[in-house]
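Notes for the one structure printed next.
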Amino acid sequence: MDNSLPIPVAWIHLPEDGPSPEPVACPELQLVPARADSFVVWRGQLFPEVLAVLLDVRGSAAESPAREVQAVLSSCLPRVLVRAPAERIPDLLPVLRPGEDLCVLEEPPALLVYRVRRLLTVADLDGLTRLPRRQTLLARLDRDLPRVTPQEPLSLLLLDLDHFKRINDEHGHLVGDQVLQHVAGLLPTHEGVFVARFGGEEFAVLLPGADEPSAVAYAERLCAIVRDRPTPGGLAVTVSIGVSTALHPLPGQELISQVDQALYAAKGRGRDRVIHFGALEREVLRAGRNLRIESFETMQRVLTERVTEVVSRRGRRLLEALQNQADRDALTGLFNRGYLDRRMAHDFQEARQLGQPLSMALLDVDFFGQVNKTHGWPTGDLTLRQVADLVREHVRDRDWVARYGGEEIAVILPGASRDAAVLVVERIRQEVGVHTFHNAQGEPFRVTLSAGVVELQSDEDLRGLWQRLSDRLLGAKTAGRNQVRS
0 MDNSLPIPVA
10 WIHLPEDGPS
20 PEPVACPELQ
30 LVPARADSFV
40 VWRGQLFPEV
50 LAVLLDVRGS
60 AAESPAREVQ
70 AVLSSCLPRV
80 LVRAPAERIP
90 DLLPVLRPGE
100 DLCVLEEPPA
110 LLVYRVRRLL
120 TVADLDGLTR
130 LPRRQTLLAR
140 LDRDLPRVTP
150 QEPLSLLLLD
160 LDHFKRINDE
170 HGHLVGDQVL
180 QHVAGLLPTH
190 EGVFVARFGG
200 EEFAVLLPGA
210 DEPSAVAYAE
220 RLCAIVRDRP
230 TPGGLAVTVS
240 IGVSTALHPL
250 PGQELISQVD
260 QALYAAKGRG
270 RDRVIHFGAL
280 EREVLRAGRN
290 LRIESFETMQ
300 RVLTERVTEV
310 VSRRGRRLLE
320 ALQNQADRDA
330 LTGLFNRGYL
340 DRRMAHDFQE
350 ARQLGQPLSM
360 ALLDVDFFGQ
370 VNKTHGWPTG
380 DLTLRQVADL
390 VREHVRDRDW
400 VARYGGEEIA
410 VILPGASRDA
420 AVLVVERIRQ
430 EVGVHTFHNA
440 QGEPFRVTLS
450 AGVVELQSDE
460 DLRGLWQRLS
470 DRLLGAKTAG
480 RNQVRS
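The numbering of the sequence shown is numbering that gives the first Met the number 0, which starts it at 0 and goes up by one.
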């Protein structure tokens, strides 16, 4: 961001029916007046150029301004700075989300600008690893790829932690998070190299000016660094790396597709290694094979390998269920309601017989009807699929996920206590909350989740368990949404 230009900021004040306050006298901020009841800045329908929101809560606001403030926050990306009288601060703190800030109305202009700039920086960073997010990488690719030449190439590395699902399953998500932080700390930080968390257990490294041999050598060195430096807890980890080099301008998604194919080839050939897309392409062409088919077969082999690992721990019965497409919801790919009812009855009886804990969660996309109404049904369907993918990515290996109906998703957590289940569901809620969705026009928006969590009690039947779960979800929604109730 160019610090010499004013920052475009949407300015909302509450209450709106009172006299308009004087705008902030600060040349570093370009204030764009907006109304809370029609605030769609982040959907690109009013002010697509706005980077942040300044929300002023005046002393004459309603007796409890927290609900009004929360309604505005739910419409925005987490780049909101709330200003309020000092006596209002304790009431407003609980409604803030990660990436939002709060200050007093009398804040000096210089400090106000500092807070806004910090919001913009924090919003672009992954909360766990403190690396830039995927969207920042995509923006960097869009900026740099049009300028690529054979003399000034651009190489992209995609790193994937090998067997990361197994780490989470055997050691827990806390250890998994520590592994991600450890690997993030080993990645390069020197000038000219751009590093981002691509998603899940994947990291991206952008190397401006690096040709194919240089990029491969760099990736080999990264592989060795990760391999030779176990985590502080003594856990050895490895990474597979796919590499691709752009010599001419091309779309960012094309470069990502190339590096993804190379990554799958690296994993398919044993992991803990580096494959460059160019080398893969030359190898396939020399053999007279089709690269697209080759990449598909490699991907299928790697995915089958992952399923086989799961089967070795969870039994042949689950493999048969995974392969039975009749048990899948056509839209989301999750298990459907029929499978949920049958499998849940089995897990219920098993928990009773073995005396093991069993927890359940029911997740609901907040204001999903408004997503359909504002952006259309195709966007609503795509949003639901992406939410389902995020849920699947952040459950434990033992857990399973089903579409309960509409925008509701059930997560079953065998062997998990209520507290352990809440941690898993809270992680899902946070990940969905910071994910950027897009409509058919490419305009960004956000959604949130409400969730209920319960653990099976000794004197409870299955019907009572479902009823209690439904009550917890309803409690989360009536309490303001975007929260987990247990």
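Glycine residues also receive a C-beta, built at the ideal position from the N, C-alpha and C atoms. Bear in mind the structure is a predicted one, so any value in this text is a computation, not a measurement.
Would the beta-carbon of residue i fall within 8 Å of that of residue j?
| i | j | result |
| --- | --- | --- |
| Leu186 | Arg139 | no |
| Ala409 | Ala420 | no |
| Val68 | Leu13 | yes |
| Ile383 | Leu330 | With the sequence shown as reference, residue 383 is identified as Leu, and Ile is not the correct amino acid for it. It is a contact, given that the beta carbons lie within the stated cut-off. |
| Met343 | Ile427 | no |
| Leu389 | Glu349 | no |
| Glu200 | Leu160 | yes |
| Ala109 | Arg78 | no |
| Arg132 | Asp123 | yes |
| Gly332 | Ala387 | yes |
Can you tell me the Cα-Cα spacing of residue i and residue j, whole angstroms?
| i | j | result |
| --- | --- | --- |
| Phe347 | Leu357 | 8 Å |
| Phe334 | Phe202 | 29 Å |
| Val147 | His172 | 40 Å |
| Leu127 | Gly277 | 33 Å |
| Ala235 | Ser213 | 27 Å |
| Leu136 | Val433 | 16 Å |
| Ala183 | Val258 | 19 Å |
| Gly451 | Thr378 | 26 Å |
| Leu157 | Pro149 | 21 Å |
| Glu211 | Glu151 | 12 Å |
| Asp396 | His170 | 11 Å |
| Trp399 | Ile255 | 30 Å |
| Asp380 | Leu262 | 29 Å |
| Lys476 | Gly368 | 14 Å |
| Val370 | Ala439 | 12 Å |
| Leu455 | Gln352 | 13 Å |
| Glu27 | Pro5 | 5 Å |
| Asp328 | Gly337 | 10 Å |
| Arg268 | Pro107 | 59 Å |
| Phe444 | Arg87 | 29 Å |
| Pro93 | Arg142 | 38 Å |
| Ala223 | Thr244 | 21 Å |
| Tyr403 | Leu362 | 9 Å |
| Ala218 | Lys164 | 23 Å |
Since residue i and residue j should fall inside the 8 Å C-beta cutoff, what is the C-beta to C-beta distance between them, to a whole number of angstroms?
| i | j | result |
| --- | --- | --- |
| Gln260 | Leu279 | 7 Å |
| Val103 | Val81 | Val103 to Val81, Cβ: 10 Å. No contact. |
| Leu91 | Ala83 | 6 Å |
| Leu144 | Leu249 | 6 Å |
| Thr435 | Gln134 | 6 Å |
| Met359 | Leu461 | About 10 Å; that fails the 8 Å criterion. |
| Gln355 | Gly414 | 6 Å |
Spatial neighbours of residue i within its chain, please: C-beta separation below 7 Å, excluding the five flanking residues on both sides.
| i | result |
| --- | --- |
| Ala265 | Ser239, Ile240, Gly241, Arg272, Val273, Ile274 |
| Thr230 | Gln177, Val178, His181, Val236 |
| Arg228 | Leu185 |
| Pro207 | Asp143, Leu153, Gly191 |
Report the three-state DSSP secondary structure of residue i (helix, strand or coil).
| i | result |
| --- | --- |
| Pro107 | coil |
| Arg196 | strand |
| Ser469 | helix |
| Asp159 | strand |
| Asp123 | coil |
| Thr381 | Looking at the sequence provided, one finds Leu at residue 381 rather than Thr. Residue state, collapsed to three classes: helix. |
| His437 | strand |
| Ser213 | helix |
| Pro7 | strand |
| Ser256 | helix |
| Gly314 | Reliability of the predicted coordinates at Gly314 is poor, the pLDDT of 45 falling under 50, and the value obtained from them is presented with this limitation in mind. Here Gly314 sits in coil by DSSP. |
| Cys25 | coil |
| Leu234 | coil |
| Phe444 | strand |
| Val147 | coil |
| Ala218 | helix |
| Ala329 | coil |
| Ile292 | Any reading at Ile292 needs caution, since the residue's pLDDT is 49, under 50, leaving its predicted position unreliable; the model's value is listed next. Helix. |
| Pro413 | strand |
For residue i, collect the residues of the same chain with a Cβ closer than 6 Å to its Cβ; drop the 5 residues on either side in sequence, then sort them by chain order.
| i | result |
| --- | --- |
| Gly175 | Ile166, Asn167 |
| Trp10 | Leu30, Pro32, Leu53 |
| Val309 | Note that Val309 has pLDDT 45, beneath the 50 cutoff, so the model's placement of it is unreliable and the number below is only indicative. Contacts found: none. |
| Arg484 | Gly451, Arg471, Gly474, Ala475 |
| Phe197 | Arg133, Ala203 |
Leaving out the 5 sequence neighbours to the left and right, which residues in its chain are closer than 8 Å to residue i when beta-carbon positions are compared?
| i | result |
| --- | --- |
| Asn481 | Ser73, Arg96, Asp365, Arg428, Gly432, Thr447, Leu448, Ser449 |
| Gly232 | Val174, Gln177 |
| Asp100 | Val79, Leu80, Val81, Arg114, Arg117, Leu118 |
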